[in-house]
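Here the structure comes first, spelled out in C-alpha cells, and everything after it is commentary.
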Amino acid sequence: MFPAAIEWSSAAPPNSAFSIGLDAEMIGSFYVLSGEELTLPQAEIRALIETYAPAAKTQSLSSRVISSNLNDSALIQRVSRRAAYCRFGGEFLCAADSVQALADGISKSIIDPDSSFEVSSETLDRSLVGDLGALIKQRTGARVSLEEPQCVFQVESTDRGLVLGLSRSGFKKFSWRQRRPRARKFFLPSAIYPKLACLLVNLSRVKEGEVFLDPFCGTGSLLIESSLMGIRTIGSDLTRWIARGALLNLKGLSMDFEGILRCDATAAKLPFHSVDGISTDVPYGRASSTRGKETETIVREFSAQASEILARGKGSKYCVIMHPSHIKFDFDSTAFELAERHFIYVHRNLTRAVSVLRTR
Ligand SMILES: C[S@@+](CC[C@H](N)C(=O)[O-])C[C@H]1O[C@@H](n2cnc3c(N)ncnc32)[C@H](O)[C@@H]1O
112 MFPAAIEWSS AAPPNSAFSI GLDAEMIGSF YVLSGEELTL PQAEIRALIE TYAPAAKTQS
172 LSSRVISSNL NDSALIQRVS RRAAYCRFGG EFLCAADSVQ ALADGISKSI IDPDSSFEVS
232 SETLDRSLVG DLGALIKQRT GARVSLEEPQ CVFQVESTDR GLVLGLSRSG FKKFSWRQRR
292 PRARKFFLPS AIYPKLACLL VNLSRVKEGE VFLDPFCGTG SLLIESSLMG IRTIGSDLTR
352 WIARGALLNL KGLSMDFEGI LRCDATAAKL PFHSVDGIST DVPYGRASST RGKETETIVR
412 EFSAQASEIL ARGKGSKYCV IMHPSHIKFD FDSTAFELAE RHFIYVHRNL TRAVSVLRTR
C-alpha cells in the first residue's frame, strides 16, 4: 500500500477525481498505453491486473488510459513493467479540469524536496506539461531532472478530464532490439517480434514460478519472453530442426527454461501436465510447416488436448491462440469459453486474431 499517497492540502478538494466523474472506487493507479493496436494494450493491462490482483477492478478513461483500484505499489510496478504496450504505470494522485487545479490537488510533501522529478505526457501539449512541472517544483521544492529523475509525474488528457499520476521508481525502458528475430542465432520468417510475443505471454495470466507452454514454438519468441519474466517455460514444435533452433535461441540469450521438445501438439496424448497457461501462434499459410494439415484442424485438435494438460483446481486457466482472422475458429467448447478476441491488421491479405480461451 502507499504511504500517504494522497494527502489533500484542504479537507474537501474542489478538484477531486469525483468532480470530473471518475468512480471513487477506481482511484488507486493508472496506466498509459502505447497508441499501437486497437484493443490489445488495454487487454494486456487487464490480464496482468487479473494475474496479480484477481479482485481488483479496472476502468477505461480513454483509448490510451486505464485506471484501477489496485493500490499496492509493488504490484503496480510489476504490472506496468511486464506490460509490453504500457508506457507508464503509477499511483493515481488526482484529476481535474486544468493544470493549475491539478497542481493545487497535490500535497506539498508528495515527494521529498531533495529529490528530482520529471513531468511526462503522451497526450498533452508540451507547454502545458512544462507549466505543470513549474507548479510542482514551486509546490514541493524538488528539482526537475530530465536525464535521471527519481520520480516521474505523468499527466494525461482523458475523456473525463486531466489525470495526474506518480511513479516513484522512474520508468522502464525496454530493449526489444537485442531480441528481435534477426538478432537471434536461429531465424525463420515466421518469427514474431518480442513486443508482441511478450503481450501474448501476458494474456495467458501466468505468474513468476508458474508453468507456461507454447506448443507451436517455432523460433521460440514467446519462450524467450516468458523465461525473461521468471516463468517456468516449456515449448514444443513438430519439426525437430526448428525445436533445436528454438533451443539454440534460448541458450544463445542465456535463458533459464525447463525444456523444448519435438512433439505434435495435435496428438492424442501430449507429454505435458500441470501447465498454468498456454499462449501460441498457430501455423498457417505454408503446407510444409503444418505437414498438410489445415490451420482449422490444428486449432480444433490442439484445443481438444489443451484442457487436459492445464493444472486443475486453482481457478480458471487460459489458452491464448493467435491465428489468421479468416479461419473458422473451431475449439473445444465443452472445456473452454471464448473470453476475448482482438485483431491485428498485418497487411491487405492478413489480419491476425488473438482468441483468448478460458477454462469453464
Ligand atoms: C507460426 S509458427 C510459430 C512462430 C513462432 N511464434 C516464432 O516466433 O518463431 C508455427 C510453428 O508451428 C509448428 N507446427 C506446425 N504443426 C505443428 C504441430 N502439429 N505440432 C507442433 N508444432 C507444429 C511449425 O513447425 C512452426 O514452427
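Going by the working numbering, the letters in the sequence shown line up with residues 112 to 471, in that order.
Glycine is no exception: its CB is placed at the ideal position from the N, C-alpha and C atoms.
Computed from a prediction, not measured in an experiment: that's the story for all the values here.
By how many angstroms is the C-alpha of Phe447 removed from the C-alpha of Leu421?
As a first step, residue 421 must be located in the sequence shown, where it is residue number 310. As a first step, residue 447 must be located in the sequence shown, where it is residue number 336. Leu421 and Phe447: Cα-Cα distance of roughly 12 angstroms.
Arg459 to Ile438, Cα distance in whole Å?
The sequence position of residue 459 within the sequence shown is 348, counting from 1. The sequence position of residue 438 within the sequence shown is 327, counting from 1. Their Cα atoms are separated by approximately 16 angstroms.
On the criterion of 16 or more Cβ atoms from any shown chain inside 10 Å, does Leu54 qualify as buried, or is it exposed?
The chain is shown only over 112 to 471; residue 54 falls outside these bounds and no answer can be derived.
Please list, in chain order, all residues of the same chain as Glu229 whose beta carbon is under 6 angstroms from its beta carbon, the five residues on each side excluded.
As a position in the sequence shown, residue 229 is number 118, starting the count at 1. So the qualifying residues of the chain are Leu257, Pro260 and Val263.
In whole angstroms, what is the alpha-carbon distance linking Ala185 and Asp443?
In the sequence shown, residue 185 corresponds to position 74, counting from 1. In the sequence shown, residue 443 corresponds to position 332, counting from 1. If I take the Cα positions, the gap works out to 38 angstroms.
Report the rounded CA-to-CA distance for Tyr395 versus Val210, giving the unit in angstroms.
Counting from one through the sequence shown, the residue named residue 395 turns up at place 284. Counting from one through the sequence shown, the residue named residue 210 turns up at place 99. Spanning the two alpha carbons is a distance of roughly 51 angstroms.
For Gln456, is the classification buried or exposed, using 16 other Cβ atoms within 10 angstroms of its Cβ as the cut-off for buried?
Translated into positions along the sequence shown, residue 456 becomes position 345. In the sequence as presented, Gln is not what sits at residue 456; that position holds Tyr. Tyr456 is exposed by the Cβ-count criterion.
Work out the CA separation of Ser218 and Ala354 for me, nearest whole Å.
Looking up residue 354 in the sequence shown gives position 243. Looking up residue 218 in the sequence shown gives position 107. Each residue's alpha carbon lies about 56 angstroms from the other.
At 4 residues or longer, what runs of the alpha helix (DSSP H) sit wholly inside the stretch 160–221?
Those alpha helix (DSSP H) runs which fall completely within the stretch 160–221 and span 4+ residues are 184–193 and 210–216.
Along the chain, where does the beta strand (DSSP E) that runs through Cys430 open and close?
Indexing the sequence shown from 1 puts residue 430 at position 319. Segment Tyr429 to Pro435, the beta strand (DSSP E) holding Cys430.
Run the CB neighbour count on Glu267, radius 10 Å, all protein chains shown included, and call it buried at 16 or more, exposed below.
Along the sequence shown, one-based indexing puts residue 267 at 156. Counting Cβ neighbours within 10 Å, Glu267 comes out buried, since at least 16 surround it.
Tell me, please, which residues DSSP counts as bridged to Ile455.
Indexing the sequence shown from 1 puts residue 455 at position 344. Its beta-bridge partners are Arg463.
Can you tell me whether Thr350 sits near ligand 1, meaning its C-beta is under 6 angstroms from at least one heavy atom of the ligand?
Counting from one through the sequence shown, the residue named residue 350 turns up at place 239. Within the cutoff, so yes.
Would you give the residue range spanned by the beta strand (DSSP E) that Val322 belongs to?
The sequence position of residue 322 within the sequence shown is 211, counting from 1. Run containing Val322: Val322 to Asp325, per the beta strand (DSSP E) assignment.
Using only the alpha-carbon positions, how far apart do Leu277 and Glu155 sit?
By 1-based counting over the sequence shown, the position of residue 277 is 166. By 1-based counting over the sequence shown, the position of residue 155 is 44. Approximately 21 angstroms, taken between the alpha carbons.
What residue from Leu324, Ala206, Ser400 and Ala167 has the CA that sits closest to Phe368's CA?
Your numbering for residue 368 matches position 257 in the sequence shown. Among Leu324, Ala206, Ser400 and Ala167, the Cα nearest to that of Phe368 belongs to Leu324.
Any idea what DSSP makes of Thr470, helix, strand or coil?
To locate residue 470, count along the sequence shown from 1; it is residue 359. Strand, per DSSP.
Could you tell me the alpha carbon to alpha carbon distance between Ala308 and Met433, rounded to whole angstroms?
Numbered from its first residue, the sequence shown carries residue 308 at position 197. Numbered from its first residue, the sequence shown carries residue 433 at position 322. Ala308 and Met433: Cα-Cα distance of roughly 10 angstroms.
Helix, strand or coil: which one does DSSP assign to Ser121?
Here residue 121 is taken as the residue at index 10 of the sequence shown, counted from 1. Residue confidence is low: Ser121 scores 36 on pLDDT, short of 50, so the model does not pin down where it sits. Its coordinate-derived value is still stated next. Looking at Ser121 - three-state DSSP - the assignment turns out to be coil, as it is neither helix nor strand.
Indicate the three-state DSSP secondary structure (helix, strand or coil) for Ile345 in the structure shown.
On the sequence shown, residue 345 is found 234 positions in, with the first residue counted as 1. Note: Ile345 maps to strand in three-state DSSP.
Who does Ser268 pair with in a DSSP beta bridge?
As a first step, residue 268 is located in the sequence shown; it is residue number 157 there, counting from the start. DSSP output for Ser268 lists Leu273 as bridge partner(s).
Whole angstroms are fine: how far does the CA of Gly200 sit from the CA of Arg192?
What you label residue 192 is simply residue 81 of the sequence shown in a count that begins at 1. What you label residue 200 is simply residue 89 of the sequence shown in a count that begins at 1. About 8 angstroms.
Just to confirm the assignment, what range does the beta strand (DSSP E) spanning Ser280 have?
Locating residue 280 in the sequence shown gives position 169, where the first residue counts as 1. Per DSSP, Ser280 belongs to no beta strand (DSSP E) and is neither H nor E.
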